[in-house]
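Asks: There's a structure below that I have some questions on.
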Amino acid sequence: MVVVVAIFHENGILTVHEFERELIEFDVSNETLRQKNQKLRFEIDALKSDPSSIEILAREKLNMVRPGETVYQIVPLENNLFLPTDK
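The opening residue of the sequence shown carries number 1 in UniProt numbering; numbering runs sequentially from there.
Structure, rendered in structure tokens:
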């Protein structure tokens with residue numbers, strides 16, 4: 001009976017094991033978020049201090065170009081099939 005209580009009681013081994021598993025999951029999640037936050041801080045610092053970072057972001061996210069530049073866009077064929085060639 002004591003063994004059953006030790007295992008299945010609200011403070012038993014199974015509950016403690018579940019809490020430990022959740023704690024590990026939270027630690028992993030927190031570390032992932034910490035790394036993402038650090039990356040965002042670096043990006044913010046670069047945008048505040050480096051004009052070329054702003055230009056890169058504008059080109060990538062907003063498809064902006066400088067006056068006089070020509071943009072070439074490669075459009076993949078549907079289903080990545082090649083057009084037949086005459087031989």
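Cβ atoms here follow ideal geometry from the backbone N, Cα and C, with glycine treated the same way. As the structure is a prediction and not an experimental result, all values here were calculated from the model.
When the distance is taken between beta carbons, is Leu47 closer than 8 angstroms to Ile54?
Replies: The beta carbons of Ile54 and Leu47 sit closer together than 8 angstroms.
Asks: So for Glu69, helix, strand or coil by DSSP?
Replies: coil
Asks: If I measure Cβ to Cβ from Val65 and keep anything under 8 angstroms in the same chain, skipping five residues before and after, which residues do I get?
Replies: Arg59 and Val71
Asks: For Leu47, which of helix, strand or coil comes out of DSSP?
Replies: helix
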